[in-house]
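> In full-length UniProt numbering, the protein residues as written are 1 to 588.
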Ligand SMILES: Cc1cc2nc3c(=O)[nH]c(=O)nc-3n(C[C@H](O)[C@H](O)[C@H](O)COP(=O)(O)OP(=O)(O)OC[C@H]3O[C@@H](n4cnc5c(N)ncnc54)[C@H](O)[C@@H]3O)c2cc1C
């Protein structure tokens, strides 16, 4: 079997090793346009899980990597002049060049033909002369572009700008540092990768980037491969305290925007995409190399014992795609978190740190607690103090009381209330099914029901008005004894209608507006929430839109009810991370 590999990055080289080991009779050739001496890329970080999988493949690669690793277990968050540390993680760092050297050495030992400093021949030619062509040609894959009609790639470009650098400050933690400039925040992601160097990625959103003048510096003419030294100098100045006298060291460092690559299919005839050519994941989850190497493993496994290339490629994609898509979802959440740093800048350090650590959904409170009980206890103690407790032996976040418009809710759970039957949950707030309260009889029946319900607990009871509500419904809800009213956001004359409704409802009882999915962007919804707050609205119900709830809370200070938590654990995480003030279970 003749195999052509386009691209001698981690994915292409590792695949070549595995394919050749599997069957030494195969003729495997790798084309790499850079020479072995070219120094491109800095340090990579791997989790233990990835390393186990590489070790399982049984090649000497894992042992060689292990010898070169620097290891650490802490994540440090530098924010608002405080450093928070969450320990118990197991990371290992390695220079990209070191990894490539290990892989190349292994290729050479096995008899893989390596053509360095050489562009691969045209893919059509390779597809004719080889049984299999592996396009491991990276995020800007020319093969993917050339066959776009078949692979159908979709590229989504991040709103942030980043620059990949290194520093001679040797860190001992995966570090996130946030600084506040007069135009907004700039942050860095950094981790050690050798006994002498750490990788640093400086990132900021487009607005701050322009305001800081980086757009002008980036536009200056420079030779290919030359770094944007003036931007590097500005970054060095911005992070002077963090660097503590150390330097930021560029290497072909330019401002870039991250593109998430997704492709409808990874294979066309005997040509297959692998690694970044097929899919990218935002660098903030540090998994791109891991996925490329896992793809290599998956492709080699699919080829094992199958004479039919197309069948093997189908099996490869079927096995790998769900895993990759799951990582891409996590990476997307992480990317969006970093895009949103600007409106998080007022968040208390404990909450900021907790959302940062749990941003991708791959690290839950339970996992964090298992790794570092002290860290989670600190965050929970802070939440307890915010809820009026002492911080000693804190209750679960959902069990904490909450105050809305001067009314005390005994806990943070919101549950549905039917006209009959006992509520199942011990909620702090019960909300009815949508009511029209179009006549006094309905109000009288609810008054009787509320009287009996109040004997069982000190929860608040709220009337949720249906889309067809009219102003008298507010008077009836009040007379029935409801503590709170919730109206859907009006379709027309929004602010006038809300102001008039608020005037019909007692000042000392909470008034909530339900922001249903009304086709508005997040920015428009936040602007609306600002305006609603001015009309005396006490809280918004954002249904399942947790990110909107979080943003409204942070930008307007208005409490948010979020429905649709899938579990007790998720509800607690939503509260602790500031995505909601009150939570309900059930459909979003
Ligand atoms: C800022 C940043 C930080 C990152 N940090 C991490 C991290 O910490 N951990 C991690 O796991 N991942 C990280 N990644 C992701 C990682 O760099 C990539 O996901 C990984 O390198 C993908 O490997 P690959 O083999 O698919 O592609 P690449 O590494 O891009 O390799 C492709 C190779 O193909 C060559 N090539 C392209 N076209 C041709 C051609 N026509 N002929 C010959 N050669 C060609 C290129 O020169 C290149 O060497 C990071 C990415 C970025 C942007």
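Just so you know, even glycine gets a beta-carbon here, dropped at the ideal spot from N, CA and C.
By the three-class DSSP mapping on this structure, what secondary structure does residue 289 have?
The answer is helix: DSSP assigns residue 289 an H, G or I state.
> Among 306, 318 and 286, which residue has its Cα nearest to the Cα of residue 91?
Considering only alpha carbons, the answer is 286.
> Note down, one range per segment and in chain order, each alpha helix (DSSP H) of at least 4 residues found wholly within the region 82 to 158.
Within the region 82 to 158, the complete alpha helix (DSSP H) runs of at least 4 residues are 96 to 110, 123 to 129, 142 to 146 and 148 to 151.
> In this structure, how does DSSP classify residue 405 when only helix, strand and coil are distinguished?
Three-state DSSP puts residue 405 in coil, outside helix and strand.
> What I want to know is whether the C-beta of residue 292 ends up closer than 8 Å to one or more non-hydrogen atoms of ligand 1.
Under cutoff, so the answer is yes.
> Count the other C-beta atoms from every protein chain shown that fall within 10 angstroms of the C-beta of residue 130, then say buried if there are 16 or more, exposed otherwise.
Burial call: buried.
> What does a CB cutoff of less than 6 Å around residue 2 pick up in its chain, not counting 5 residues either side in sequence?
Excluding sequence neighbours, residue 2 sits near 27, 130 and 131.
> Less than 7 Å between C-beta atoms, sequence neighbours within five positions excluded: which residues of the same chain meet that for residue 385?
Excluding residues within five positions, the ones whose Cβ falls inside 7 Å are 391.
> Excluding the 5 residues flanking residue 361 on each side, which residues of the same chain have their C-beta closer than 7 Å to its C-beta?
Excluding sequence neighbours, residue 361 sits near 330 and 333.
> For the alpha helix (DSSP H) holding residue 1, just list the boundary residues, first then last.
Counting along the chain, residue 1 falls outside any alpha helix (DSSP H), and DSSP gives it neither H nor E.
> Of all the options 363, 266 and 34, which has the alpha carbon lying nearest to the alpha carbon of residue 577?
Checking every option, the nearest Cα to that of residue 577 belongs to 363.
> Please check the pair residue 60 and residue 106, which I expect to be a contact at CB under 8 Å, by giving their CB distance rounded to whole angstroms.
Confirmed, about 6 Å.
> For the 8 Å Cβ check, are there 3 or more pairs between the region 6 to 18 and the region 136 to 148?
Contact holds: three or more Cβ-Cβ distances are below 8 Å.
> Quick check on residue 554: does DSSP put it in helix, strand or coil?
Correct three-state label for residue 554: helix.
> Residue 501 and residue 471 - do their beta-carbons sit closer together than 9 Å?
Contact: yes.
> Compute the distance between the beta-carbons of residue 200 and residue 188, then report whether it is under 9 Å.
Their beta carbons are under 9 Å apart, which means residue 200 touches residue 188 by this criterion.
> Tell me which residues share the same chain as residue 476 and place their Cβ nearer than 6 Å to its Cβ, disregarding the 5 neighbours each side in the sequence.
For residue 476, where only same-chain residues beyond five positions count, the Cβ hits under 6 Å are 437 and 443.
> Give me the Cα-Cα distance between residue 46 and residue 526, rounded to the nearest whole angstrom.
In a straight line, the C-alpha of residue 46 is about 38 Å away from that of residue 526.
> Closer than 8 Å: is that where the CB of residue 167 sits relative to any heavy atom of ligand 1?
Checking the Cβ of residue 167 against ligand 1 gives no.
> Which same chain residues, not among the five before or five after residue 20, have their C-beta less than 7 Å away from its C-beta?
Around residue 20: 26, 28, 110, 111 and 112.
> Alpha carbon to alpha carbon, how far is residue 146 from residue 566? Give it in angstroms, no decimals.
Approximately 43 Å, taken between the alpha carbons.
> Quick one, are the C-beta atoms of residue 158 and residue 335 less than 9 Å apart?
Cβ distance < 9 Å, so residue 158 and residue 335 count as in contact.
> To the nearest angstrom, how far is it from the Cα of residue 349 to the Cα of residue 81?
Distance between the alpha carbons of residue 349 and residue 81 is about 9 Å.
> Please indicate yes or no: does the CB of residue 552 lie closer than 8 Å to some heavy atom of ligand 1?
No - ligand 1 has no heavy atom lying nearer than 8 Å to the Cβ of residue 552.
> Assign residue 495 to one of two classes, buried (16 or more other C-beta atoms within 10 Å of its C-beta) or exposed (fewer than that).
By the neighbour-count rule (16 or more Cβ atoms within 10 Å), residue 495 is not buried but exposed.
> For residue 550, does the count of other Cβ atoms within 10 angstroms reach 16, so buried, or fall short, so exposed?
Label assigned to residue 550: buried.
> According to DSSP, is residue 559 helix, strand or coil?
Residue state, collapsed to three classes: coil.
> Answer yes if the region 410 to 422 comes into contact with the region 448 to 466, meaning at least three C-beta pairs across the two stretches below 8 Å, and no otherwise.
Segments in contact, yes.
> Quick check for students: name the residue ranges of the alpha helix (DSSP H) that lie wholly in the region 348 to 395, counting only runs of 4 or more.
Runs of the alpha helix (DSSP H) inside the region 348 to 395: 349 to 358, 365 to 371 and 373 to 386.
> Relative to the C-alpha of residue 288, which residue among 43, 358 and 305 is closest?
Nearest C-alpha to residue 288: 43.
> What do you get for residue 52, buried or exposed, if any count of 16 or more other CB atoms within 10 angstroms of its CB means buried?
When all chains shown are included, residue 52 counts as exposed.
> Which value, in whole angstroms, describes the spacing of the CA atoms of residue 328 and residue 265?
Distance between the alpha carbons of residue 328 and residue 265 is about 15 Å.
> Applying the criterion that 16 or more other CB atoms from any shown protein chain within 10 Å of the CB defines a buried residue, is residue 521 buried or exposed?
Its Cβ having fewer than 16 others within 10 Å, residue 521 is exposed.
> Roughly how many whole angstroms lie between the Cα atoms of residue 564 and residue 574?
Roughly 11 Å between the two C-alpha positions.
> Mind reading off the beta-carbon distance from residue 510 to residue 405? Whole number of angstroms is fine, and I expect it under 8 Å.
Confirmed, about 4 Å.
> Just confirm the distance between the C-beta atoms of residue 412 and residue 583, as a whole number of angstroms; I'd bet it's less than 8 Å.
Sure, about 6 Å apart at Cβ, within 8 Å.
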